[in-house]
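*Asks:* Questions regarding the structure given below will be posed in turn.
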Amino acid sequence: MPATVIVGAQWGDEGKGKIVDLLAQDSDLVCRYQGGPNAGHTIVVDGDTFKIRQIPSGVLRGKTCVIGAGCVIDPEVFLAEVDELEGRGVSTGDVHLSGEAHLVMPWHVAIDQASERRLGSLQIGTTKRGIGPCYADKAARLGIRVQDLLDAKILRQKIEVALAEKNVWLERVYGVPPLDLEEVAGQLETLAQRVRSYVDDTALLVDRALRAGRRVLLEGAQGTLLDLDHGTYPFVTSSSTVAANAAIGVGIGPNRIDRVIGVAKAYVTRVGEGPFPTEIQGPDQERVRELGGEFGTVTGRERRCGWLDLVALRYAVRLNGITSLALTKLDVLSHFDELPVCVAYRLRDGSETHEFPAHQSDFHHCRPVYETLAGWQEPLEYELPEAARVYIAFIERALGAEITLVGTGAERESVVSLR
Ligand code: GDP
Ligand code: IMO
Ligand code: MG
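Residue 244 in this note's numbering is what sits at position 244 of the sequence shown, and the numbering runs on without skipping anything.
Right under this line is the structure:
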């Protein structure tokens, strides 16, 4: 299958990095299509942990890696990631960065932080990496792009124009110190020297690869419920995370995508604010967090933990056109006598629905309707215990989609292939 999208089917951190790393073995190119340094994809190789933020996870397999036009890049974070990977013996020589991708500038980070502070109890709980303000400037056509790094004069001019406005916002609206033009321009010019060599016409590169019959993975960041249009707005990220955006984000036609693999945890986590119907109340929340090591890759925040939500997951299957699923972290559940699984939502008027509510208030007030399945205590090896098989079959039936991969541990090799 030449072009496969790997998409998060929940609220992010589903284990996309690990699944991409696995499938990258049989691929030639791995491309990111949206998001930026808000992402944190963890891959554990022989006990060594890699936390990758902007470069596609395929870099660890030595594959050609593309950061597409739909992404936003913080050049400082990007170069730190390059240095870290190179320092650990991973080459970044075959990483290609779209000139059309937008740059996360220092004022985006400052505004993201100040804006969250200002919202107080209404905050979104962003990663504070400047993602929202950067995508907002892109849509407002005020953004600075990777290709602007290629010309020092243009870069300085654009920084000057942007800062003239951003400093007013920083000082007058947010009451924080303005940024110094010389300092910012100098810093960006230095970073530009090194970033330049990665800039490429990546849409052309991907098209040529597909024409030559090479296999391409399109790696999503965040997850379906964080999608700007279809997620739990406003508690979402500022890009379109769903599979269809993979075509836009790398610059190929939608008919080039052959397969969509959803990645979902065997339970659910969420970082940041926003409604979360199956969030566990009581000590099991802490237990799942500890067993699953559920602490944010980027911010170190505790991830909120919940039982598997099949209403939300069915919505993700529908929105993405998911053809098969990787169910990760099933091993984390190997400690519970019973496993509640949400099969429907009860709405405020007392009715039950199996469909994800289209209206925000319905979702905010819905209550999960659980069916309880038997748990298992055995650690997961290649043979899954009967109760784990029942759990998987139950999910497949509810979703009408196949689970083809099951995660049984954080290590690269800890995956069971079911078909
Ligand atoms: P991503 O952002 O979707 O790539 O996911 P993250 O890397 O942020 O979070 C997933 C976490 O779970 C990481 O710490 C992974 O090492 C870990 N992980 C992935 N798959 C499994 C699995 O099957 N079992 C266990 N125990 N850990 C896993
Ligand atoms: P990966 O790729 C989990 C969440 C933030 C916040 C919301 C908006 O590792 O799955 P943003 O900084 O994007 O404006 O924050 O989105 N969020 C993520 N949650 N995994 C991620 O990435 C996330 N990226 C952003 O916590 O709720
Ligand atoms: Mg993550």
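Quick reminder that beta carbons are idealized off the backbone N, C-alpha and C, glycines included.
Nearest to ARG318 by CA position, among ILE43, PRO385 and GLY400, is which residue?
*Replies:* Selected option, being the one with the closest Cα: GLY400.
*Asks:* Under the three-state reduction of DSSP, which class applies to ILE73: helix, strand or coil?
*Replies:* Residue state, collapsed to three classes: strand.
*Asks:* Am I right that LEU150 and SER27 are in contact with their C-beta atoms under 8 Å? What's the rounded C-beta distance?
*Replies:* 29 Å between Cβ atoms; not a contact.
*Asks:* Figure out for me which residue from ALA246, TRP11, TYR391 and ILE159 has the closest Cα to the Cα of ALA264.
*Replies:* Considering only alpha carbons, the answer is TRP11.
*Asks:* For a test of the three-state rule: what should DSSP assign to THR190, helix, strand or coil?
*Replies:* DSSP places THR190 in helix when its eight states are reduced to three.
*Asks:* On the DSSP bridge assignment, give the partners of SER417 in chain order.
*Replies:* SER417 is bridged to LEU405.
*Asks:* Give every residue whose Cβ lies closer than 5 Å to any heavy atom of the ligand MG, listed in chain order.
*Replies:* Those satisfying the condition are, in chain order, ASP13, GLY40 and THR297.
*Asks:* Which word fits SER240, buried or exposed, when buried means at least 16 other C-beta atoms lie within 10 angstroms of its C-beta?
*Replies:* Buried is the call here.
*Asks:* So ARG314 and ARG270 are in contact, right, with Cβ under 8 Å, and what is the actual spacing, rounded?
*Replies:* Not confirmed; about 18 Å, so no contact.
*Asks:* Go ahead and pull the three-state DSSP assignment for GLY463.
*Replies:* Since the first residue shown for the chain is 1 and the last is 419, residue 463 is missing from the structure and cannot be characterised.
*Asks:* Would DSSP call PHE50 helix, strand or coil?
*Replies:* Strand at PHE50.
*Asks:* Specify the secondary structure class of TYR370 as computed by DSSP and reduced to three states.
*Replies:* It is a strand residue.
*Asks:* Tell me where the alpha helix (DSSP H) around LEU217 begins and ends.
*Replies:* Premise fails: LEU217 lies in the beta strand (DSSP E), 216-219, not in any alpha helix (DSSP H).
*Asks:* Where do the ends of the alpha helix (DSSP H) carrying SER238 lie?
*Replies:* SER238 -> no alpha helix (DSSP H), and no H or E assigned at all.
*Asks:* Would you say the beta carbon of THR328 is closer than 6 Å to some non-hydrogen atom of the ligand GDP?
*Replies:* THR328: yes, Cβ under 6 Å from the ligand GDP.
*Asks:* Using a 10 Å radius around the Cβ and a threshold of 16 neighbouring Cβ atoms, would you call THR372 buried or exposed?
*Replies:* Per the 10 Å Cβ criterion, exposed.
*Asks:* Is LEU204 buried or exposed, if buried means 16 or more other CB atoms sit within 10 Å of its CB?
*Replies:* The residue is exposed, with fewer than 16 neighbouring Cβ atoms inside 10 Å.
*Asks:* Counting pairs of beta carbons, one from the segment 182-194 and one from the segment 119-134, are three or more of them closer than 8 Å?
*Replies:* Contact fails: fewer than three Cβ-Cβ distances are below 8 Å.
*Asks:* Does the separation of the CB atoms of ARG412 and VAL45 fall below 7 Å?
*Replies:* Cβ atoms of ARG412 and VAL45: closer than 7 Å.
*Asks:* So, with DSSP's three-state summary, where would you put ALA110?
*Replies:* If DSSP states are grouped into helix, strand and coil, ALA110 belongs with the helices.
*Asks:* Can you list, in chain order, the residues of its chain with a C-beta nearer than 6 Å to that of ASP362? Leave out the 5 residues immediately preceding and following it.
*Replies:* The answer, listed in chain order, is LEU347.
*Asks:* Can you tell me the Cβ-Cβ gap for ALA247 and ARG256, rounded? I've got them flagged as a contact below 8 Å.
*Replies:* Correct: roughly 7 Å between the Cβ atoms.
*Asks:* With distance defined between alpha-carbon atoms, name the residue in ALA114, GLY68, LEU85 and GLY89 nearest to HIS102.
*Replies:* Selected option, being the one with the closest Cα: GLY68.
*Asks:* Alpha carbon to alpha carbon, how far is GLY15 from THR42?
*Replies:* Looking at the two C-alpha atoms, the distance is approximately 7 Å.
*Asks:* Nearest CA to the CA of GLY251: which residue from ASN38, ASP284 and CYS71?
*Replies:* With distances taken between Cα atoms, GLY251 lies closest to CYS71.
*Asks:* Using the beta-carbon count (16 or more within 10 Å), is LYS63 buried or exposed?
*Replies:* Buried is the call here.
*Asks:* Helix, strand or coil: which one does DSSP assign to PRO133?
*Replies:* Correct three-state label for PRO133: helix.
*Asks:* Using the C-alpha atoms, what's the distance from LEU310 back to GLY223?
*Replies:* Whole-angstrom Cα-Cα distance: 15 Å.
*Asks:* Between which two residues does the beta strand (DSSP E) carrying ALA344 extend?
*Replies:* First-last of the beta strand (DSSP E) with ALA344: 338-346.
*Asks:* Could you tell me the boundaries of the beta strand (DSSP E) in which THR328 lies?
*Replies:* It spans 324-328 - the beta strand (DSSP E) in which THR328 sits, taken as one unbroken run.
*Asks:* Any idea which residues DSSP pairs GLU279 with across the strands?
*Replies:* Its beta-bridge partners are GLY306.
*Asks:* Along the chain, where does the alpha helix (DSSP H) that runs through LEU210 open and close?
*Replies:* Here the alpha helix (DSSP H) through LEU210 covers 202-211.
*Asks:* Considering only heavy atoms of the ligand GDP, does any lie closer than 6 Å to the CB of ASP331?
*Replies:* Yes; taking the cut-off as 6 Å, the Cβ of ASP331 has a heavy atom of the ligand GDP nearer than that.
*Asks:* From GLY89 to THR4, what distance separates their C-alpha atoms?
*Replies:* Between GLY89 and THR4, the C-alpha separation is close to 28 Å.
*Asks:* From the DSSP output, read off the bridge partner residues of GLY125.
*Replies:* Answer by DSSP bridge pairing: none, since GLY125 is not bridged.
*Asks:* Measure the C-alpha to C-alpha separation of ALA358 and GLU84 and round it to an integer number of angstroms.
*Replies:* For ALA358 and GLU84, the distance between alpha carbons rounds to 43 Å.
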